[in-house]
Amino acid sequence: MEKYPCKKNTAVFISGRGSNLKSLIKHSKKKNSLIKIILVISNNPDAEGLKYAFGSKIKIYGNKHKSNFENKSLKLLKKYNIDLICLAGFMKILSGNFIKKFSKPILNIHPSLLPKYKGLNTHERAIKNKDRFAGASIHKVTEKLDSGKVILQKKVKILKTDNVRSLEKKVLKIEHEIYPKAIDKFLTNL
Ligand code: GAR
Numbered sequence: 130m131e132k133y134p135c136k137k138n139t140a141v142f143i144s145g146r147g148s149n150l151k152s153l154i155k156h157s158k159k160k161n162s163l164i165k166i167i168l169v170i171s172n173n174p175d176a177e178g179l180k181y182a183f184g185s186k187i188k189i190y191g192n193k194h195k196s197n198f199e200n201k202s203l204k205l206l207k208k209y210n211i212d213l214i215c216l217a218g219f220m221k222i223l224s225g226n227f228i229k230k231f232s233k234p235i236l237n238i239h240p241s242l243l244p245k246y247k248g249l250n251t252h253e254r255a256i257k258n259k260d261r262f263a264g265a266s267i268h269k270v271t272e273k274l275d276s277g278k279v280i281l282q283k284k285v286k287i288l289k290t291d292n293v294r295s296l297e298k299k300v301l302k303i304e305h306e307i308y309p310k311a312i313d314k315f316l317t318n319l
């Protein structure tokens, strides 16, 4: 029996800051994690997270041009034998054609308790609706926005004193905690 698991070649897609990317890179370096991050792709060449990935000696690709972003990305995914894509703050919607052509799993992290609040401004909507809880979900990506099977979610209490910023901060903290767990859970059950 192998002592450590065979890691899946993973690409992370980002659009900005990349704090979830950082938490995934940290996780991937652990001996018993099930992923190896080979490639980071962004639709924003200035994304802060790309700099971090570059510093971690991971291959990076940034392209803001809609027309060839998906085609070039598909070529790179093939070149690097990528088995899994993790969207981490990736704010572009992938086309059905891309999802079909990649043909392997794509996971996404979304800052709400899905199926509540698909799309944007999740924390603002939760506060406005006077919800008692907010949270984050990791789900499989399908052609329908934020609608694939949920793999893991965790909630946090919304306090009367919370505003969008404070809630975002609280939820982000649990995002960093649950995304690595959700990936390993998903790959274990494949
Ligand atoms: C995270 O809160 C993530 O859940 C959200 O963007 C943020 C990215 O932060 N994703 C979405 O809203 C996707 N619909 P990060 O760049 O620091 O990881």
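The C-terminal residue of the sequence shown carries number 319 in the numbering used here, and the numbering is unbroken. C-beta atoms are modelled at their ideal positions from N, C-alpha and C, and glycine is treated no differently. Predicted model, so just to flag it, every value in this text is computed and none were measured.
Near the ligand GAR: residue i beta-carbon under 8 Å from a heavy atom
| i | result |
| --- | --- |
| T271 | no |
| E253 | no |
| G264 | no |
| F142 | no |
| D291 | no |
| A217 | yes |
| P174 | no |
| G277 | no |
| E304 | yes |
| I238 | yes |
| V169 | no |
| G145 | yes |
| S185 | no |
| G178 | yes |
| L150 | yes |
Short Cβ contact (9 Å threshold) for residue i with residue j
| i | j | result |
| --- | --- | --- |
| K269 | N237 | yes |
| G218 | S162 | no |
| L213 | K233 | yes |
| I187 | F142 | no |
| S148 | H305 | yes |
| L243 | Q282 | yes |
| L153 | I312 | yes |
| I167 | I228 | no |
| I256 | I307 | no |
| A263 | L216 | no |
| G184 | N173 | no |
| L274 | I235 | no |
| D291 | K284 | no |
DSSP beta-bridge partners of residue i
| i | result |
| --- | --- |
| L236 | C215, K269 |
| V141 | V169, C215 |
| I164 | K137 |
| V285 | A263 |
Local conformation of residue i per DSSP, three classes
| i | result |
| --- | --- |
| Y209 | coil |
| I280 | strand |
| K188 | strand |
| N226 | helix |
| T290 | coil |
| S241 | coil |
| R254 | helix |
| P100 | Nothing in the structure corresponds to residue 100, since the chain is present only between 130 and 319. |
| L319 | coil |
| H194 | coil |
| Y246 | coil |
| D313 | helix |
| L274 | coil |
Contact with chain B by residue i, beta-carbon distance below 9 Å
| i | result |
| --- | --- |
| P134 | Of the protein chains in this structure there is only one, and it is not chain B. |
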